[in-house]
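Under this note's numbering, residues -17 to 223 are what the sequence shown spells out, in order. One structure below.
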Amino acid sequence: MLMNRPYVICHIVSSVDGKIDGEYFGVPELRPCLAESNRIRTEYDCKATLYGATTMAETYAGGYVGELPKTSETCPRTDYLAETDVERYFICIDVNGTVAWESKYIEKKGRPRVHPIAVLCENVSDDYIAYLHSFDISYIFAGKDTLDCELVMEKMYRLFHIEKLMICGGGIVDYTFLQAGLIDELSLIIAPLTDGGTDSATVFDKAVFHPQTDPIAFKLLGADVLDGDTLWLRYEPKNKK
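Here is the structure:
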């Protein structure tokens, strides 16, 4: 592992056919699986959790921004670290500035209070940077017009002192950091369910902006049967740096 970045775990709940969303999330048979996933997530004790913009907007933040107020200022493309009273973070990969926020903190029942960190590219609008400032939300820049994954991790380690980080979807973000060799461990929770959906996100989704690379192999670290016929698989990506 590179010594100037956190140890990174990708922790995901999946159906037996690899889907990470869909109708199966609404059935009672999933509850034991989710309970086991939450237990394992707590035991990993990561200081920060990283999500893609879609997952963050639709699960934890306030949806998507509409038309933003215009700012007359040119905002510098320098990282901003807000003063907070917490030591845990939700990191949002939002290179285009699309996520709406409601507060400088996110509070969910049963989870620690966290402060969001937006990861932007330098071509994001001044209006969105000013919008983040209006909520006193931290942000960093990682790339001019495309995401620099190594820079994201280096800044999380150097600026926020994050030594262990968890990536929890969606599939495009998972694959982006996997392809970059920046995932040290895959923690895959497989629920004994499927809904046959054909348009659901999967554990790893390749997007059009991903470079063409060879398939990525894994080494099995462990396998356990948990409550509710849940299967927990741990893998080490063979391309990790």
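Positions of the beta carbon are idealized from the N, C-alpha and C atoms, including for glycine.
Beta-carbon proximity of residue i to residue j, cut-off 8 Å
i       : j      : result
Gly152  : Thr53  : no
Cys(-8) : Ile165 : yes
Tyr33   : Val207 : no
Asp61   : Lys137 : yes
Ile75   : Ser169 : no
Ala112  : Glu55  : yes
Ala82   : Ala39  : yes
Leu228  : Leu63  : Residue 228 cannot be examined here, being either before or after the span of the chain that is shown, -17 to 223.
Leu50   : Val77  : no
Cβ-based neighbour list, residue i, same chain, cut-off 8 Å, excluding 5 preceding and 5 following
i      : result
Tyr157 : Phe186, Asp187, Lys188, Ala189 and His192
Gly4   : Ser(-3), Asp177, Gly179 and Ser182
Tyr217 : Glu167, Leu168, Leu170, Phe200, Lys201, Leu202 and Leu203
Lys86  : Ala64, Thr66, His97, Pro98, Phe117, Asp118 and Ile119
Ile2   : Ile(-6), Val(-5), Ser(-4), Gly151, Gly152, Gly153, Ser182, Ala183, Thr184 and Val185
Nearest-angstrom Cα separation, counted from residue j out to residue i
i      : j        : result
Asp130 : Glu145   : 19 Å
Trp214 : Asn20    : 12 Å
Val96  : Lys29    : 10 Å
Thr80  : His143   : 26 Å
Leu12  : Ala205   : 19 Å
Lys126 : Gly210   : 46 Å
Gln161 : Asn(-14) : 18 Å
Gly92  : Thr66    : 20 Å
Ser107 : Ala124   : 15 Å
Tyr42  : Glu84    : 10 Å
Tyr6   : Asp196   : 31 Å
Gly44  : Tyr110   : 15 Å
Nearest-angstrom beta carbon gap, residue j and residue i [assumed within contact, 8 Å]
i      : j        : result
Lys223 : Gly163   : 4 Å
Val227 : Cys15    : Because the chain in this structure spans residues -17 to 223, residue 227 falls outside the shown range and cannot be described.
Ile149 : Val(-10) : 6 Å
Thr212 : Ile172   : 7 Å
Sequence-distant residues of the same chain with beta carbon closer than 7 Å to residue i, five excluded per side
i      : result
Pro226 : Because the chain here runs from -17 to 223, residue 226 falls outside it and cannot be looked at.
Leu114 : Ala100 and Tyr121
Glu89  : Arg95
Same chain, Cβ closer than 6 Å to residue i, five either side skipped, listed in chain order
i     : result
Thr31 : Phe72, Met148 and Cys150
Q: Specify whether the segment 66 to 81 and the segment 106 to 124 touch according to this definition: at least 3 beta carbon pairs, one from each stretch, less than 8 Å apart.
A: yes
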